[in-house]
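Visitor: Heads up: take any position in the sequence shown, counting from 1, add 5, and you land on our numbering.
Don't be surprised by glycine CBs; every beta carbon is placed ideally from N, CA and C.
Given the structure is predicted, the values throughout are model-derived calculations rather than measurements.
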Amino acid sequence: MEILFAIKSLNAVGGGAERVLAEISNGLAERGHCVSILTYDLPHGNSFYPLHRSINRIDLGIGNTEGSSTIFETLQRIISLRRTVVQVNPDVVVGFMHSMFIPLGLALLGTKFPVIASEHIGVEHYRSHPYERLLLQLTPYITKKTTVISEKLRNGFNAPLRNHMVVIPNPVSVPEDNRNGRIKSGSTRKRILSVGRLVPQKDHQTLIEAYAMLADEFREWDLRIFGDGELRPQLETQVKTLGLEERVQLATTTPNVTEEYLYAQLFVNSSLYESFGLATAEAMTYRLPVVGFADCAGTNELIKHNHNGILVQGAHRAKVLADGMRHLMSSSELRQSLGNAGPSSMAAFSTEKICCQWEELLEKESS
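(1) From A66 to S104, what distance separates their C-alpha atoms?
(2) Keeping to the same chain, check which residues put their C-beta closer than 6 Å to that of A22; ignore five residues upstream and five downstream.
(3) Are the Cβ atoms of S199 and S275 separated by less than 8 Å?
(4) So, is P176 buried or exposed, given that buried needs 16 or more other C-beta atoms within 10 angstroms?
(5) Going by DSSP, what residue range makes up the alpha helix (DSSP H) through T344?
(6) Here's the rule I'm using: 16 or more other beta-carbon atoms within 10 Å means buried, otherwise exposed. How should P48 be labelled?
(7) Can you name the start and end residues of the beta strand (DSSP E) that E7 belongs to?
(8) Taking only the alpha-carbon atoms, compute the straight-line gap between M334 and E251 and give it to the nearest angstrom.
(9) What is the rounded straight-line gap between the Cα of N310 and the Cα of G297?
(10) Once the 5 residues before and after R87 are set aside, which same chain residues still bring their CB inside 8 Å of it?
(11) With a floor of 4 residues, list each alpha helix (DSSP H) that falls wholly inside the stretch 229 to 263, ordered by position along the chain.
(12) As an exercise, report each continuous beta strand (DSSP E) stretch of at least 3 residues that is fully enclosed by the stretch 8 to 84, in chain order.
(13) As a quick exercise: from I63, Q341 and L316, pick the residue whose alpha carbon is nearest that of G50.
(14) Tell me which same chain residues have a C-beta within less than 6 Å of the C-beta of F106, skipping the five on either side of it?
(15) Return the residue from the list L236, K150 and L109 that minimises the CA-CA distance to E368.
(16) Could you check which residue in K207, Y291 and R224 has the C-alpha nearest to that of F231?
(17) In three-state DSSP terms, what is H321?
(18) Any idea if K13 is buried or exposed, counting beta-carbon neighbours within 10 angstroms, 16 or more meaning buried?
(19) For the stretch 129 to 184, list the beta strand (DSSP E) runs that are entirely contained and at least 3 residues long, ordered along the chain.
(20) For chain E, is any of its Cβ atoms less than 8 Å away from the one on Y278?
(21) Rounded to whole angstroms, what's the CA-CA distance from S346 to R340? Just pull it up for me.
(22) Could you spell out where the alpha helix (DSSP H) holding I121 opens and where it closes?
(23) Name the DSSP bridge partner or partners of L198?
(24) Does DSSP put S371 in a helix, a strand or coil?
(25) Between the Cα of E71 and the Cα atoms of Y45, A11 and L212, which residue gives the shortest distance?
(26) Decide if E338 is buried, meaning its Cβ has at least 16 other Cβ atoms within 10 Å, or exposed.
(27) Helix, strand or coil: how does DSSP classify H312 here?
(28) Taking buried to mean at least 16 other C-beta atoms within 10 Å of its own C-beta, is Q270 buried or exposed?
(29) Return the chain-ordered list of same chain residues with a C-beta closer than 8 Å to the C-beta of R132, the five sequence neighbours on each side being excluded.
(30) Assuming A323 and A215 make a contact with CB atoms under 8 Å, what is their CB distance in whole Å?
(31) Taking a contact to mean a Cβ-Cβ separation below 8 Å, would you say G344 touches P294 in this structure?
(32) Going by C-alpha to C-alpha distance, which of V179, R194 and L141 sits closest to M170?
(33) In the DSSP assignment, find the beta strand (DSSP E) that holds G297 and state where it starts and stops.
(34) Hey, how far is the Cα of V325 from the Cα of R194?
(35) Would you list the one or two residues that DSSP bridges to G100?
(36) Quick check on this structure: which residue in I154, T144 and L15 has the alpha carbon closest to the alpha carbon of G127?
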């Protein structure tokens with residue numbers, strides 16, 4: 006098949022959707038499909054996540070990829086999308102995220118090209134974005150199918166959208182060098198790891214508060230948070246106010262974050278909600294025990310309490326999170342036991358299996 010994926014940007018600091026697109030595109034290219042990726046990025050840039058050598062990049066260079074677009078830019082993009090897709094002449098087109106699949110669907114109205122929308126955020130986002138929620142209602146009329154990454158995510162949408170959706174989870178790569186549970190350690194200190202954008206949804210403020218409750222009790226443990234976002238200044242101030250500058254590191258996003266899993270002893274997800282929880286799933290493949298909130302959609306589908314991690318709940322989020330962290334920080338045996346259950350828990354999400362699901366969907370909708 007000739008497959009054209011499209012996403013707003015691949016050059017900017019990547020998030021979960023960008024990483025998934027790269028993973029799926031690479032997997033399908035390795036299977037012999039002719040894969041192209043279209044973005045609004047300026048030409049000749051470098052993808053934040055590595056791409057298979059055979060993948061053709063098409064960068065339109067229209068508008069600001071890191072902020073909101075003007076009406077004029079949106080119209081420019083729609084015109085350019087239609088012209089470009091006609092030139093490429095793919096068998097099927099896949100738009101990742103509403104910022105791409107809405108204009109893409111509108112651009113290809115009246116053409117022969119089937120459009121698949123790939124949604125990676127939940128209904129919680131749209132509740133606070135009414136304009137985007139309104140545009141989302143167009144999806145069943147301008148695309149053939151919408152992929153979502155969990156049944157729980159699908160069930161959150163209204164019936165017209167829900168009936169248009171098919172569930173394909175995110176792929177989770179199995180680390181080649183850690184299948185036997187080998188965890189590297191270059192230091193005598195222990196490390197708590199968290200990965201996610203520095204935005205309100207991820208609630209790193211609560212994680213830092215919880216860690217502060219444990220810092221004196223566990224002096225050999227440090228906290229390392231990987232991510233970028235609008236809340237960095239506030240979080241840096243919080244760390245400084247608590248006097249934890251030597252113990253808490255706010256590291257910037259890296260395409261090689263998987264390296265960090267090898268050095269950590271515990272993974273914590275403090276999110277209020279998740280569509281899937283890709284970082285949590287990846288941590289499990291590295292045999293890391295994980296802690297998260299029982300009322301966090303996405304997280305509570307991945308973590309099986311007292312099997313591969315711990316789910317906490319309670320009115321005082323920081324306190325219950327600290328209690329869950331303390332439980333694991335106090336016992337290397339428990340950390341090892343829960344961590345060892347991680348890889349088998351994630352087997353259903355292997356890149357090979359998820360690429361098979363994508364291949365089946367794309368072949369069906371392009372026929």
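Guide: Inspection of the coordinates gives the following:
(1) Along the sequence shown, read from residue 1 onward, the residue named residue 66 stands at position 61. Along the sequence shown, read from residue 1 onward, the residue named residue 104 stands at position 99. It is Gly, not Ala, that sits at residue 66 in the sequence shown. Near 15 Å, if we compare the C-alpha coordinates of S104 and G66.
(2) As a position in the sequence shown, residue 22 is number 17, starting the count at 1. So the list reads F101, M102 and H125, once near-sequence residues are dropped.
(3) Locating residue 199 in the sequence shown gives position 194, counting from the first residue. Locating residue 275 in the sequence shown gives position 270, counting from the first residue. Contact: yes.
(4) The residue you call residue 176 lines up with position 171 of the sequence shown. In this structure P176 is buried. Its beta-carbon is surrounded by 16 or more other beta-carbon atoms within 10 angstroms.
(5) Residue 344 sits at position 339 when you count from the first residue of the sequence shown. Reading off the sequence shown, one finds Gly at residue 344, where the question assumed Thr. Taken as a continuous stretch (DSSP letters only), the alpha helix (DSSP H) holding G344 covers S337 to N345.
(6) Walking along the sequence shown from the start, residue 48 turns up at place 43. Counting every other CB atom within 10 Å of its CB across the protein chains shown gives P48 a total below 16, marking it as exposed.
(7) Translated into the one-based positions of the sequence shown, residue 7 becomes position 2. That run of the beta strand (DSSP E) goes E7 to A11.
(8) For the purposes of this step, residue 334 is identified with residue 329 of the sequence shown, where counting begins at 1. For the purposes of this step, residue 251 is identified with residue 246 of the sequence shown, where counting begins at 1. M334 and E251 have their C-alpha atoms spaced approximately 19 Å apart.
(9) Here the question's residue 310 lines up with position 305 in the sequence shown. Here the question's residue 297 lines up with position 292 in the sequence shown. According to the sequence provided, residue 310 is His. The question's Asn does not apply to it. Rounded to whole angstroms, the gap between the alpha carbons of H310 and G297 is 10 Å.
(10) Taking the first residue of the sequence shown as position 1, residue 87 is located at position 82. The answer, listed in chain order, is A112, L113 and T116.
(11) Complete alpha helix (DSSP H) runs here, min 4: 237 to 246.
(12) Taken in chain order, the complete beta strand (DSSP E) segments of 3 residues or longer contained in the stretch 8 to 84 are 39 to 44 and 61 to 64.
(13) The sequence position of residue 50 within the sequence shown is 45, counting from 1. Nearest option by C-alpha distance: I63.
(14) Numbered from 1 along the sequence shown, position 101 holds the residue referred to as residue 106. Once the five neighbours on either side are set aside, the close Cβ partners of F106 are G100 and A122.
(15) For the purposes of this step, residue 368 is taken as residue 363 along the sequence shown, with counting starting at 1. Answer by Cα proximity: K150.
(16) Within the sequence shown, residue 231 is the residue found at index 226, counting from 1. Closest in C-alpha terms to F231, from the list K207, Y291 and R224, comes K207.
(17) Counting from one through the sequence shown, the residue named residue 321 turns up at place 316. Here H321 sits in coil by DSSP.
(18) On the sequence shown, position 8 is the one that residue 13 refers to. Buried: at least 16 other Cβ atoms inside 10 Å.
(19) If we require 3 residues or more, the beta strand (DSSP E) runs fully inside the stretch 129 to 184 come out as 150 to 153 and 170 to 172.
(20) The structure shown contains no chain E, having only a single protein chain.
(21) Translated into positions along the sequence shown, residue 346 becomes position 341. Translated into positions along the sequence shown, residue 340 becomes position 335. Checking the sequence, you will find Ala at residue 346 rather than Ser. Answer to the nearest angstrom: the Cα atoms are 10 Å apart.
(22) By one-based count along the sequence shown, residue 121 stands at place 116. Careful: I121 lies outside any alpha helix (DSSP H), inside the beta strand (DSSP E) at V120 to S123.
(23) Translated into the one-based positions of the sequence shown, residue 198 becomes position 193. Within the DSSP secondary-structure output, L198 pairs in a beta bridge with R229 and F272.
(24) If you number the sequence shown from 1, residue 371 lands on position 366. Residue state, collapsed to three classes: helix.
(25) As a working mapping, residue 71 is identified with position 66 in the sequence shown. In terms of Cα proximity to E71, the closest of Y45, A11 and L212 is Y45.
(26) Locating residue 338 in the sequence shown gives position 333, where the first residue counts as 1. Exposed is the call here.
(27) Taking the sequence shown and counting its residues from 1, one reaches residue 312 at position 307. It is coil, neither helix nor strand.
(28) Stepping through the sequence shown from its first residue, residue 270 is reached at position 265. Buried, since its Cβ has 16 or more Cβ neighbours within 10 Å.
(29) One-based indexing of the sequence shown puts residue 132 at position 127. For R132, the CB contacts under 8 Å within the same chain, skipping 5 residues up- and downstream, are R138 in chain order.
(30) Translated into the one-based positions of the sequence shown, residue 323 becomes position 318. Translated into the one-based positions of the sequence shown, residue 215 becomes position 210. At roughly 5 Å, the Cβ-Cβ gap stays under 8 Å, so A323 and A215 are in contact.
(31) Position 339 of the sequence shown, counted from the start, is the residue given in the question as residue 344. Position 289 of the sequence shown, counted from the start, is the residue given in the question as residue 294. Inclusion of G344 and P294 in the CB contact set at 8 Å is warranted, their separation being smaller than that value.
(32) Here the question's residue 170 lines up with position 165 in the sequence shown. The shortest C-alpha separation from M170 is found at L141.
(33) Stepping through the sequence shown from its first residue, residue 297 is reached at position 292. For G297, the enclosing beta strand (DSSP E) covers residues V295 to F298.
(34) Here the question's residue 325 lines up with position 320 in the sequence shown. Here the question's residue 194 lines up with position 189 in the sequence shown. Distance from the CA of V325 to the CA of R194, rounded to the nearest whole angstrom, comes to 24 Å.
(35) Translated into positions along the sequence shown, residue 100 becomes position 95. In the DSSP assignment, G100 is bridged to A11 and A122.
(36) Numbered from its first residue, the sequence shown carries residue 127 at position 122. When each option's Cα is compared against that of G127, the closest is I154.
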